[in-house]
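A short write-up of the structure that comes next.
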Amino acid sequence: AQSVTQLGSHVSVSEGALVLLRCNYSSSVPPYLFWYVQYPNQGLQLLLKYTSAATLVKGINGFEAEFKKSETSFHLTKPSAHMRDAAEYFCAVRAGGKLQFGAGTQVVVTP
Amino acid sequence: DAEITQSPRHKITETGRQVTLACHQTWNHNNMFWYRQDLGHGLRLIHYSYGVQDTNKGEVSDGYSVSRSNTEDLPLTLESAASSQTSVYFCASSESVADTDTQYFGPGTRLTVL
Chain A
239 AQSVTQLGSH VSVSEGALVL LRCNYSSSVP PYLFWYVQYP NQGLQLLLKY TSAATLVKGI
299 NGFEAEFKKS ETSFHLTKPS AHMRDAAEYF CAVRAGGKLQ FGAGTQVVVT P
Chain B
709 DAEITQSPRH KITETGRQVT LACHQTWNHN NMFWYRQDLG HGLRLIHYSY GVQDTNKGEV
769 SDGYSVSRSN TEDLPLTLES AASSQTSVYF CASSESVADT DTQYFGPGTR LTVL
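Chains as they are written, first to last, in our numbering: chain A, 239 to 349; chain B, 709 to 822.
Have a look at this one:
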């Protein structure tokens, strides 16, 4: 069985500051990990995914995530937050063809 | 451009009524999924299909059904709507069942059961 835990349901960051969203996974098989973003009143959009090719994964909109097997983590970062980054972010693990989502982290960006 | 659409975008219904939510994709993907999104739970899988005439139960399938008669559509039916089924519903599709494959999501349907 596999699962993900996202630490912090709400994160507030200042514009221009580092964005760090935490995700830890549990999986009995090598995991494939995803970060999705959901803007208000929209569906989910893929930010990036880890497929074992490289531990540091770069995604869209300046986001990146690092897979750390020893820490069972896949934290999402962005060096400098922008107002348009205000959204909900979901970490997910996929095994056996099905996605298992975390509870989500709401990001608020303050001027 | 290929896309995945859902209708209606908003629906209010009464307890006990049958409701069908539509999902249509033009990606020509074999795999389609239905999720519900609730605060504090993220997205949970309701049903999924790996091809025409194939349907499978997900994590929270009780009270829901799906049928797949063609590649493009996977309608979700609530046989007798309950207040506990008030939620936002998302449809998704993917090209393959490979765990590395990306799922593409529709815009969602907000359902309220009174």
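Ideal Cβ placement from N, Cα and C applies to all residues, glycine included.
These numbers were taken from a predicted model, which means no experiment stands behind them.
For glutamine 240 of chain A, no Cβ of chain B is located within less than 8 angstroms of the residue's own Cβ. Below 8 angstroms, too few C-beta pairs join the region 244-253 of chain A and the region 282-294 of chain A to call them touching: fewer than three. For glycine 759 of chain B, the three-state secondary structure derived from DSSP is strand.
Taking C-beta separations shorter than 8 angstroms and ignoring five residues to either side along the sequence, the partners of aspartate 762 of chain B in its chain run Arg776, following chain order. The contact set of aspartate 807 of chain B on chain A, defined by CB atoms closer than 7 angstroms, consists of Tyr270, Arg332, Ala333, Gly335 in chain order.
Listed along chain A are Phe272, Leu284, Lys287, each with a C-beta nearer than 9 angstroms to that of threonine 810 of chain B.
Secondary structure note for asparagine 262 of chain A: its beta strand (DSSP E) is the uninterrupted segment 257-264.
Residue pairing from DSSP leaves tryptophan 735 of chain B without any beta-bridge partner. Interface annotation, phenylalanine 301 of chain A: not in contact with chain B, CB-CB separation never under 8 angstroms.
Using a Cβ-Cβ cut-off of 8 angstroms, glycine 340 of chain A counts as an interface residue toward chain B, since at least one Cβ of chain B sits closer than that to its own. Identification of residues in the region 318-332 of chain A having a C-beta nearer than 7 angstroms to some C-beta of chain B yields Phe328, Arg332, given in sequence order. Lysine 306 of chain A counts as exposed, since fewer than 16 other beta carbons sit within 10 angstroms of its beta carbon.
Residues Ile754, His755 of the same chain have their beta carbon placed closer than 7 angstroms to that of serine 769 of chain B, with the five preceding and five following residues left out of the count.
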